[in-house]
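The opening residue of the sequence shown carries number 1 in the UniProt record's numbering; numbering runs sequentially from there. Even for Gly, the Cβ is constructed at its ideal location relative to N, Cα and C. Here's the structure, in C-alpha cells; my notes come after.
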Amino acid sequence: KIVNWKTHLKFPGEARLSPAAKDLVTKLLCNVNQRLGSTGASQIKAHPWFEGVEWENIYQMEAAFIPEVNDDLDTQNFEKFDEEDNQSQAPSRTGPWRKMLSSKDINFVGYTYKNFEIVNDYQVPGIAELKKKETKPKRPSVKSLFESE
Numbered sequence: 001k002i003v004n005w006k007t008h009l010k011f012p013g014e015a016r017l018s019p020a021a022k023d024l025v026t027k028l029l030c031n032v033n034q035r036l037g038s039t040g041a042s043q044i045k046a047h048p049w050f051e052g053v054e055w056e057n058i059y060q061m062e063a064a065f066i067p068e069v070n071d072d073l074d075t076q077n078f079e080k081f082d083e084e085d086n087q088s089q090a091p092s093r094t095g096p097w098r099k100m101l102s103s104k105d106i107n108f109v110g111y112t113y114k115n116f117e118i119v120n121d122y123q124v125p126g127i128a129e130l131k132k133k134e135t136k137p138k139r140p141s142v143k144s145l146f147e148s149e
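Here it is, written out as C-alpha cells:
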C-alpha cells in the first residue's frame, strides 16, 4: 500500500496526530524528487516535528523507551499475531497458474533469493556497465541524519 500512498494514505481521526506529524509523513511519502531530505539530512532535521531534538548530542541522550529484554530470544516486546492456517497460504494445486509452471518451478513458488554481494562486484561481467547506467536520484540514508554536516 505504501507504493500507492496517494490512494491509501488516510489519517484516522482517532490517531490524534499533530499537524507537524502529518506534514512529516506526507513529505516523506511522496515522489523522490519532492521528498523531504532529497537534498540532504539537514532538511529532515529542520522539520518542525523534530523541533527540540539536540542532533549534536543524540548519541549521549537517554532513549525515550528502553525495552526490558531477558535474553537473546526474548520476544515480549513484539506484537503477537494469530498464527494463520498454513493451508490457506499454500498455493492451490489446481487452477490456470498450474499450466504455466512446470513441476520443477512449483518448488520455487514464493521463494526469493538475492545475492547483493555480486551486485557490487565490478569483476563480474556487465556489473560495471549496469552501475554506470544507474540514473535514479540517490536517496539519503537514515545514517546521514546522525552525521554532522
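Residue i: first and last residue of the uninterrupted alpha helix (DSSP H) it sits in
i, result
"Leu-24", "19 to 28"
"Ala-41", "41 to 45"
"Trp-5", "5 to 8"
Same chain, Cβ closer than 6 angstroms to residue i, five either side skipped, listed in chain order
i, result
"Val-69", "none"
"Lys-27", "Leu-36"
"Pro-125", "none"
Burial state of residue i (16 or more Cβ within 10 Å)
i, result
"Ile-44", "buried"
"Gly-37", "buried"
"Ala-41", "buried"
Beta-carbon contacts of residue i that lie in its chain and below 8 angstroms, excluding the five residues immediately before and after
i, result
"Ile-58", "Phe-146"
"Glu-129", "none"
"Asp-23", "His-47, Pro-48 and Trp-49"
"Leu-9", "Val-25, Thr-26 and Leu-29"
"Pro-12", "none"
Sequence-distant residues of the same chain with beta carbon closer than 7 angstroms to residue i, five excluded per side
i, result
"Ser-18", "none"
"Phe-78", "none"
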